[in-house]
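Numbering (UniProt numbering), first residue to last: 1 to 471.
We treat Cβ as the ideally placed atom computed from N, Cα and C, and that holds for glycine.
All figures in this text were calculated on a predicted structure; none of them were measured in a lab.
Working notes, beginning with the structure itself.
Below is the structure:
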């Protein structure tokens with residue numbers, strides 16, 4: 001018999017696109033069921049992304065409602081659900097989805113216990129075949145620990161989960177992996193008992209399922225551009241998987257979205273509007289922003305970060321901001337549009353010589369005009385650096401002439417406490433920053449730092465003081 005598996009991953013709240021893709025999935029699903037075929041539907045995480053106003057204003061409930069309407073058989077938390085949506089919303093998010101959330105490696109940090117809205121494994125009997133399912137997510141413990149969560153090592157969990165499912169009679173085992181393609185490939189050559197890995201996280205498009213040993217791997221891109229359709233050929237006599245075939249199917253732009261899905265999105269968009277359009281405060285004067293020149297907004301945030309974390313210096317790439325802040329009422333919608341990146345301040349230690357090398361790179365257009373990608377970055381180019389606690393004098397050729405920190409020349413052999421954005425720490429954009437000794441992560445998005453800084457009017461005047469001086 002054939003077991004059809006439909007799967008989505010890394011939608012990242014591209015919701016208009018997802019409505020079309022979901023409608024397309026429904027049509028295929030209904031057609032298969034009408035032909036007496038056996039069908040399963042899974043999402044492999046990062047359906048939600050708070051760069052979307054609808055998701056930010058509902059803390060992901062709009063995404064869960066759409067999953068519910070589509071009647072997914074199961075899904076796994078991606079790092080966007082786990083790291084970007086606060087823990088206090090997780091129970092509602094899982095309940096609203098109407099589907100089991102198989103995330104077998106997230107635990108309560110204090111007790112070590114399983115969270116009641118997650119389950120480690122799932123057994124589905126469909127068409128007379130027992131299908132065992134489990135899911136694992138990337139273990140970003142530096143962040144999860146801030147929410148009182150600990151992510152167990154995924155590799156160590158797999159044999160336990162497979163054994164549990166096999167002991168319950170699973171004849172086919174499907175692993176929902178929000179770990180990334182390179183990890184999936186390595187695991188496929190190490191583990192036994194798993195038939196299919198439905199992957200995500202790294203946004204790869206595998207046109208056909210990839211076979212490594214006895215495991216087939218599939219991944220369907222990002223942003224609702226594709227969904228996957230696998231066909232598992234199951235031998236009903238020998239009770240085993242003979243082969244797996246399939247492909248990814250691109251989104252059909254000619255399809256009109258189903259009306260019920262449209263109603264869900266419209267309803268939650270109205271709810272989000274009420275949250276996002278509430279006035280937080282009045283901004284007395286404009287804060288300008290230039291991605292490749294000194295940014296008043298960048299200076300404001302760098303100053304606030306430095307004070308918050310007790311650092312001597314702040315460095316922040318200006319590409320994380322998409323616009324300045326106008327004078328007048330400030331809302332969450334304005335903050336989201338200005339800074340959609342879910343980036344947190346991080347306190348690190350760097351030597352003076354490392355700081356100097358970073359500053360010299362920040363004067364090189366070949367470096368600052370590079371495309372930024374991954375690690376929470378939702379901008380375009382990396383941009384220049386906003387500074388706090390220092391003044392840098394340079395010439396027209398981009399050579400640093402003098403660096404003053406706290407009224408003294410930068411000491412190349414001294415260690416400085418530096419606050420920056422976690423994007424620069426983990427992306428490797430500045431390798432010197434990536435090598436810094438991490439001290440602490442502040443669980444606050446940069447757009448929340450903006451709001452905090454704007455509550456003190458004197459901060460605006462200070463932000464207009466230049467930190468880059470051309471000789």
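- Any chance the segment 144–158 sits against the segment 97–108, with 3 or more Cβ pairs inside 8 Å? yes
- Message: Going by the DSSP bridge assignment, what does residue 126 pair with across the sheet?
- Response: In the chain shown, counting from the first residue as 1, residue 126 sits at position 126. DSSP output for residue 126 lists 129 as bridge partner(s).
- Where residue 341 falls: helix, strand or coil (DSSP): Counting from one through the chain shown, the residue named residue 341 turns up at place 341. Correct three-state label for residue 341: coil.
- Contact belief for residue 7 with residue 228 at Cβ below 8 Å, rounded distance in angstroms: By one-based count along the chain shown, residue 7 stands at place 7. By one-based count along the chain shown, residue 228 stands at place 228. That pair is a contact at about 4 Å.
- Terminal residues of the alpha helix (DSSP H) in which residue 159 lies: Indexing the chain shown from 1 puts residue 159 at position 159. From DSSP, the alpha helix (DSSP H) with residue 159 extends over 154–167.
- Task: Within its chain, find whatever has a CB closer than 8 Å to the CB of residue 449; leave out the 5 residues flanking it on each side and keep chain order.
- Result: Looking up residue 449 in the chain shown gives position 449. Once the five neighbours on either side are set aside, the close Cβ partners of residue 449 are 301, 304, 305, 308, 345.
- Task: State buried or exposed for residue 209, treating a residue as buried only when at least 16 other CB atoms are found within 10 Å of its CB.
- Result: Along the chain shown, one-based indexing puts residue 209 at 209. So residue 209 ends up on the buried side.
- Report the rounded CA-to-CA distance for residue 42 versus residue 72, giving the unit in angstroms. Residue numbering aside, residue 42 sits at position 42 when the chain shown is read from its first letter. Residue numbering aside, residue 72 sits at position 72 when the chain shown is read from its first letter. Taking the straight line joining both Cα atoms gives about 6 Å.
- With DSSP as the reference, label residue 89 as helix, strand or coil. Within the chain shown, residue 89 is the residue found at index 89, counting from 1. Three-state DSSP puts residue 89 in a helix.
- Proximity of residue 418 and residue 350 at Cβ, strictly below 8 Å: Counted from its first residue, the chain shown places residue 418 at position 418. Counted from its first residue, the chain shown places residue 350 at position 350. For residue 418 and residue 350, yes; Cβs fall inside 8 Å.
- residue 46 CB to nearest chain D CB: under 8 Å? Among the protein chains of the structure shown there is no chain D, as only one such chain exists.
- Task: Classify residue 114 as helix, strand or coil using the three-state DSSP reduction.
- Result: Taking the chain shown and counting its residues from 1, the one referred to as residue 114 is at position 114. DSSP places residue 114 in strand when its eight states are reduced to three.
- Message: The alpha helix (DSSP H) that contains residue 190, what's its start and end?
- Response: Locating residue 190 in the chain shown gives position 190, where the first residue counts as 1. Per DSSP, residue 190 belongs to no alpha helix (DSSP H) and is neither H nor E.
- Would you check if there are 3 or more beta carbon pairs closer than 8 Å linking the segment 67–83 to the segment 277–289? no
- Query: Is residue 232 near residue 196, with beta carbons less than 8 Å apart?
  - Reply: Counting from 1 along the chain shown, the entry for residue 232 is found at position 232. Counting from 1 along the chain shown, the entry for residue 196 is found at position 196. A contact, by the Cβ cut-off of 8 Å.
- Message: Quick check on residue 96: buried or exposed, where buried means 16 or more other Cβ atoms within 10 Å of its Cβ?
- Response: By 1-based counting over the chain shown, the position of residue 96 is 96. Residue 96 is buried by the Cβ-count criterion.
- Query: Rounded to a whole number of angstroms, what is the C-alpha to C-alpha distance between residue 265 and residue 82?
  - Reply: In the chain shown, the residue the question calls residue 265 occupies position 265. In the chain shown, the residue the question calls residue 82 occupies position 82. Rounded to whole angstroms, residue 265 to residue 82 spans 22 Å at the Cα level.
- Where residue 276 and residue 388 are concerned, what is the direct C-alpha to C-alpha distance, given to the nearest angstrom? In the chain shown, the residue the question calls residue 276 occupies position 276. In the chain shown, the residue the question calls residue 388 occupies position 388. So the two alpha carbons sit approximately 30 Å from each other.
- Message: In this structure, how does DSSP classify residue 438 when only helix, strand and coil are distinguished?
- Response: Position 438 of the chain shown, counted from the first residue, corresponds to residue 438. Three-state DSSP puts residue 438 in a strand.
- Query: Exposed or buried, residue 188, counting other C-beta atoms within 10 Å across all chains shown (16 or more means buried)?
  - Reply: If you number the chain shown from 1, residue 188 lands on position 188. That one is buried.
- Message: Just to confirm the assignment: which complete alpha helix (DSSP H) runs, minimum length 4, are found wholly within the segment 240–317?
- Response: 259–276, 296–309
- Does the Cβ of residue 238 have 16 or more other Cβ atoms within 10 Å, making it buried, or fewer, making it exposed? Locating residue 238 in the chain shown gives position 238, counting from the first residue. Residue 238 is exposed by the Cβ-count criterion.
- Message: Excluding the 5 residues flanking residue 440 on each side, which residues of the same chain have their C-beta closer than 6 Å to its C-beta?
- Response: Against the chain shown, residue 440 aligns to sequence position 440. Once the five neighbours on either side are set aside, the close Cβ partners of residue 440 are 347.
- Message: Using 8 Å as the threshold, is the C-beta distance between residue 170 and residue 131 below it?
- Response: As a first step, residue 170 is located in the chain shown; it is residue number 170 there, counting from the start. As a first step, residue 131 is located in the chain shown; it is residue number 131 there, counting from the start. Yes, they are a contact pair.
- Query: Is it the case that the Cβ atoms of residue 47 and residue 11 are separated by a distance below 8 Å?
  - Reply: The sequence position of residue 47 within the chain shown is 47, counting from 1. The sequence position of residue 11 within the chain shown is 11, counting from 1. Yes, these two residues count as a Cβ contact at 8 Å.
- Message: Can you tell me whether residue 146 is helix, strand or coil according to DSSP?
- Response: As a first step, residue 146 must be located in the chain shown, where it is residue number 146. Correct three-state label for residue 146: helix.
- Query: Touching or not, the segment 362–377 and the segment 409–428, by the rule of three or more beta carbon pairs under 8 Å?
  - Reply: yes
- To which residues does DSSP link residue 2 through a beta bridge? Sequence index remark: in the chain shown, residue 2 carries index 2 (1-based). In DSSP, residue 2 forms a bridge with 233.
- If you pair each beta-carbon of the segment 134–151 with each one of the segment 177–191, do three or more pairs fall below 8 Å? yes
- Message: Please list the terminal residues of the continuous alpha helix (DSSP H) segment that includes residue 426.
- Response: Along the chain shown, one-based indexing puts residue 426 at 426. Run containing residue 426: 422–427, per the alpha helix (DSSP H) assignment.
- Query: Taking Cβ to Cβ, would you say residue 3 is nearer than 8 Å to residue 40?
  - Reply: Within the chain shown, the letter at position 3 stands for residue 3. Within the chain shown, the letter at position 40 stands for residue 40. Taking 8 Å as the Cβ cut-off, residue 3 and residue 40 qualify as a contacting pair.
- Would you give the residue range spanned by the beta strand (DSSP E) that residue 401 belongs to? Translated into the one-based positions of the chain shown, residue 401 becomes position 401. Taken as a continuous stretch (DSSP letters only), the beta strand (DSSP E) holding residue 401 covers 400–405.
- Message: Short of 6 Å in beta carbon distance, which residues of its chain neighbour residue 243, apart from the five on each side in sequence? Order them along the chain.
- Response: Along the chain shown, read from residue 1 onward, the residue named residue 243 stands at position 243. 233, listed in sequence order.
- Kindly indicate which residue of 296, 168, 321 has the alpha-carbon position closest to the one of residue 51. Looking up residue 51 in the chain shown gives position 51. Closest by alpha carbon: 321.
- What's the C-alpha gap between residue 413 and residue 382? Numbered from its first residue, the chain shown carries residue 413 at position 413. Numbered from its first residue, the chain shown carries residue 382 at position 382. Using only the alpha carbons, I get a separation of about 28 Å.
- Of the residues 215, 56, 256, which one's Cα is nearest the Cα of residue 241? Counting from one through the chain shown, the residue named residue 241 turns up at place 241. If we check each option's Cα against that of residue 241, 215 comes out closest.
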